[in-house]
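So the structure is just underneath, and the comments pick up after that.
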Amino acid sequence: MRYAVIIFLLCFILLVQFIFANFMRKVAVRKGYGDDAHAWAMCFWLGIAGGIYVMALPDLIQQSQNQQMIELLKDVAKGKEVQQ
196 MRYAVIIFLL CFILLVQFIF ANFMRKVAVR KGYGDDAHAW AMCFWLGIAG GIYVMALPDL
256 IQQSQNQQMI ELLKDVAKGK EVQQ
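So this is what it looks like as structure tokens:
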């Protein structure tokens, strides 16, 4: 009976880790990192530390949008016609 409880707890912990890792992989994809396995693996094996790693990743999509806005503002300052 004792071993059954231990096995059940281990399976439950692995299931929670798997769900958490999938959630954080989706966060990494939304930040512009593609569907790489590194975010999933970091979160699955490191748990909360992996989640903190994914949260600390810079947002590549926002950076590219900011860069586009800077380029458009430079073009406007030079007097060029801006196309939308």
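Mapped onto my numbering, the consecutive letters of the sequence shown carry residue numbers 196 to 279. Beta carbons: idealized from backbone N, C-alpha and C, even for Gly.
Nearest-angstrom Cβ-Cβ length linking residue i and residue j, presumed shorter than 8 Å
i    : j    : result
V249 : A234 : 5 Å
Residues of its chain near residue i, where Cβ-Cβ distance is below 6 Å and the 5 sequence neighbours each way are ignored
i    : result
G246 : M219, C238
Sequence-distant residues of its chain with Cβ nearer than 8 Å to residue i (five each side left out)
i    : result
K269 : none
D254 : K226, G227
S259 : G227
N217 : W235
L241 : Y248
Check whether residue i and residue j have beta carbons under 8 Å apart
i    : j    : result
D230 : V222 : no
Residues of its chain near residue i, where Cβ-Cβ distance is below 7 Å and the 5 sequence neighbours each way are ignored
i    : result
G274 : none
I256 : K226, G227
Examine the Cβ distances between the stretch 197-204 and the stretch 213-222 and report whether three or more of them are shorter than 8 Å. no
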